[in-house]
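Numbering (the working numbering), first residue to last: 8 to 326. Just so you know, even glycine gets a beta-carbon here, dropped at the ideal spot from N, CA and C. Values in this document were obtained by computation on a predicted structure and should not be read as measured data. So the structure is just underneath, and the comments pick up after that.
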Amino acid sequence: MRNWENGTYKPRTLDLQWRLAEELRITRRQLAQRFLATDDALACSITPNRHRSHPLRLDTVFEQALQSEESDRLTWAMHSPNSVDQATLGFLSRALTFVRRLEDDTSSAMVVSSVRELHSVADAFAREARLNVRRQAAGLLSEMEQYRGWLAIPSRDWVTARRHLDRAAVVALESDDPLRLSAALSFAAYSAIRRFDFSSADALSEAAQRDGRVDPGLRTYEIFERAEILARLGLRNKSVRQLLTTDHLVENLPDEEDLPASGYWYTPPFFLGQKAFVLHALGNPSGSRQAALDCLAEMSPGWAGSEWAARRRELAHAD
Numbered sequence: 008m009r010n011w012e013n014g015t016y017k018p019r020t021l022d023l024q025w026r027l028a029e030e031l032r033i034t035r036r037q038l039a040q041r042f043l044a045t046d047d048a049l050a051c052s053i054t055p056n057r058h059r060s061h062p063l064r065l066d067t068v069f070e071q072a073l074q075s076e077e078s079d080r081l082t083w084a085m086h087s088p089n090s091v092d093q094a095t096l097g098f099l100s101r102a103l104t105f106v107r108r109l110e111d112d113t114s115s116a117m118v119v120s121s122v123r124e125l126h127s128v129a130d131a132f133a134r135e136a137r138l139n140v141r142r143q144a145a146g147l148l149s150e151m152e153q154y155r156g157w158l159a160i161p162s163r164d165w166v167t168a169r170r171h172l173d174r175a176a177v178v179a180l181e182s183d184d185p186l187r188l189s190a191a192l193s194f195a196a197y198s199a200i201r202r203f204d205f206s207s208a209d210a211l212s213e214a215a216q217r218d219g220r221v222d223p224g225l226r227t228y229e230i231f232e233r234a235e236i237l238a239r240l241g242l243r244n245k246s247v248r249q250l251l252t253t254d255h256l257v258e259n260l261p262d263e264e265d266l267p268a269s270g271y272w273y274t275p276p277f278f279l280g281q282k283a284f285v286l287h288a289l290g291n292p293s294g295s296r297q298a299a300l301d302c303l304a305e306m307s308p309g310w311a312g313s314e315w316a317a318r319r320r321e322l323a324h325a326d
């Protein structure tokens with residue numbers, strides 16, 4: 008921060024630009040404007056990617072997300088998938104995290120082609136990996152399937168969302184990965200909520216909570232989700248009981264830097280938005296509006312303006 012303030016530091020990669028903008032609590036467009044007078048090329052590179060006319064190519068994703076040697080190792084493994092090892096799977100996972108953050112700054116449509124390519128790589132690794140890493144490769148494939156299902160939701164492509172989320176759950180079950188199984192089921196429940204299929208959402212949500220071997224962020228999300236579903240089903244008392252347990256859970260979340268890459272968004276401001284959804288389902292518009300306003304105020308500007316925060320913005324500005 009000191010080097011930024013005295014003008015000697017210039018963030019040259021997307022990851023560093025995101026981190027600096029978040030630290031300053033400004034958008035990447037605002038960050039770009041600060042460089043316009045002194046470094047026009049850098050300002051253009053920082054301008055949010057939602058203004059790109061084309062999605063990033065996979066080689067560009069690797070270039071931005073990984074060091075050159077890591078990118079080379081991952082590219083080699085793509086041509087020889089039976090050579091994949093734990094380190095290479097880690098590189099692919101980091102590329103996925105990079106694309107998730109790119110979605111925060113752009114839209115689901117802008118990253119879907121990159122994710123499709125990453126998914127093809129993960130699928131080959133899961134099929135060809137040696138026995139000692141096959142379980143980890145299958146777990147990563149489940150996460151790719153889950154993310155592809157998520158990306159289909161903004162366009163309301165429910166058939167595609169269901170297909171990928173169903174496969175995410177099956178692959179996670181086959182690889183004995185309780186975290187990814189629970190995540191797949193909870194995302195499937197979210198998709199059902201968005202389709203107003205609350206009976207399916209109820210069953211999926213209940214199944215997602217059966218195995219306790221998940222991280223605190225996901226468990227907290229699932230309790231908020233359960234509370235919303237119960238409210239939608241008219242089970243008000245049960246919903247309120249679920250909601251009352253969330254304050255303690257949110258207070259005891261890990262620090263942001265300790266959150267897993269597969270759940271970096273499970274932060275207190277994010278959960279204020281989940282609270283807004285529950286209160287809205289309970290018929291408390293003023294409480295819902297205030298929770299949504301608090302959520303947007305406490306989230307980074309990039310998140311507050313993201314595609315996935317649209318429903319939060321709607322509640323914040325509801326009459």
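From residue i to residue j, what does the alpha carbon distance come to, in whole angstroms?
| i | j | result |
| --- | --- | --- |
| SER246 | PRO275 | 20 Å |
| THR254 | SER115 | Before going further, note that residue 254 is Asp rather than Thr in the sequence given. Answer to the nearest angstrom: the Cα atoms are 31 Å apart. |
| ALA323 | ARG170 | 32 Å |
| VAL257 | LEU266 | 13 Å |
| VAL128 | MET85 | 6 Å |
| ARG233 | GLY280 | 14 Å |
| THR336 | THR67 | The requested residue 336 is not part of the displayed model; the chain covers only 8 to 326. |
| ALA299 | SER293 | 10 Å |
| THR54 | LEU99 | With a pLDDT of 48 at THR54, under the threshold of 50, the modelled position of that residue is not reliable, and the figure given next carries that caveat. Straight-line Cα distance between these residues: approximately 26 Å. |
| VAL178 | SER149 | 6 Å |
| PRO161 | TRP272 | 18 Å |
| PHE203 | ARG137 | 42 Å |
| MET306 | PHE277 | 7 Å |
| ASN13 | HIS61 | Unreliable positioning characterises ASN13 in this predicted model, as indicated by a pLDDT of 48, which lies under 50. A coordinate reading is not provided. |
| ARG163 | ARG201 | 9 Å |
| GLN74 | HIS287 | 45 Å |
| ARG220 | SER269 | 15 Å |
| ASN89 | GLY97 | 16 Å |
| PHE284 | ASN259 | 21 Å |
| CYS302 | ARG108 | 19 Å |
| LEU63 | ASN244 | 47 Å |
| ALA133 | VAL140 | 9 Å |
| SER52 | LEU289 | Bear in mind that the predicted position of SER52 carries a pLDDT of just 49, short of 50, making it unreliable; the figure below should be weighed with that in mind. Straight-line Cα distance between these residues: approximately 45 Å. |
| GLN297 | PRO223 | 25 Å |
| ASP92 | LEU242 | 48 Å |
| GLU321 | GLN143 | 39 Å |
| MET331 | THR104 | With the chain represented from 8 up to 326, any question about residue 331 goes unanswered, as that position is not in the structure. |
| ASN291 | LYS282 | 11 Å |
| PHE231 | THR167 | 25 Å |
| PHE194 | TRP165 | 12 Å |
| VAL106 | SER313 | 14 Å |
| SER189 | GLN153 | 11 Å |
| ALA191 | THR113 | 23 Å |
| GLU235 | ASP130 | 34 Å |
| GLU213 | ALA175 | 17 Å |
| LEU237 | ASP111 | 29 Å |
| ARG226 | GLU263 | 16 Å |
| PRO308 | MET117 | 19 Å |
Looking at the unbroken alpha helix (DSSP H) that takes in residue i, where does it start and where does it end?
| i | result |
| --- | --- |
| LEU274 | Per the sequence shown, the amino acid found at residue 274 is Thr instead of Leu. Premise fails: THR274 is in no alpha helix (DSSP H) and is neither H nor E. |
| ASN244 | 243 to 251 |
| ARG134 | 115 to 135 |
| HIS61 | HIS61 -> no alpha helix (DSSP H), and no H or E assigned at all. |
| ARG297 | With the sequence shown as reference, residue 297 is identified as Gln, and Arg is not the correct amino acid for it. 292 to 305 is the span of the alpha helix (DSSP H), which, as asked, contains GLN297. |
| PRO185 | 185 to 201 |
| GLU232 | 223 to 239 |
| ASP164 | ASP164 -> no alpha helix (DSSP H), and no H or E assigned at all. |
| HIS86 | 75 to 86 |
| VAL68 | 65 to 72 |
| ARG318 | 317 to 323 |
| GLN93 | 93 to 112 |
| LEU211 | 205 to 215 |
| PRO261 | Premise fails: PRO261 is in no alpha helix (DSSP H) and is neither H nor E. |
| GLY312 | That residue, GLY312, is in no alpha helix (DSSP H); it is neither H nor E in DSSP. |
Since residue i and residue j should fall inside the 8 Å C-beta cutoff, what is the C-beta to C-beta distance between them, to a whole number of angstroms?
| i | j | result |
| --- | --- | --- |
| ALA199 | SER207 | 4 Å |
| LEU172 | GLY156 | 4 Å |
| ASP218 | PRO261 | 20 Å between Cβ atoms; not a contact. |
| ALA72 | ALA102 | 5 Å |
| LEU180 | ALA196 | Not a contact, Cβ separation roughly 16 Å. |
| ASP209 | LEU240 | 6 Å |
| TRP310 | ALA316 | 6 Å |
| LEU65 | VAL119 | About 13 Å separates the two Cβ atoms, so there is no contact after all. |
key: Segment contact, 8 Å Cβ cut-off, at least three pairs: the stretch 71 to 85 with the stretch 119 to 126   = Touching, no, given that fewer than three Cβ pairs across the two stretches are closer than 8 Å.
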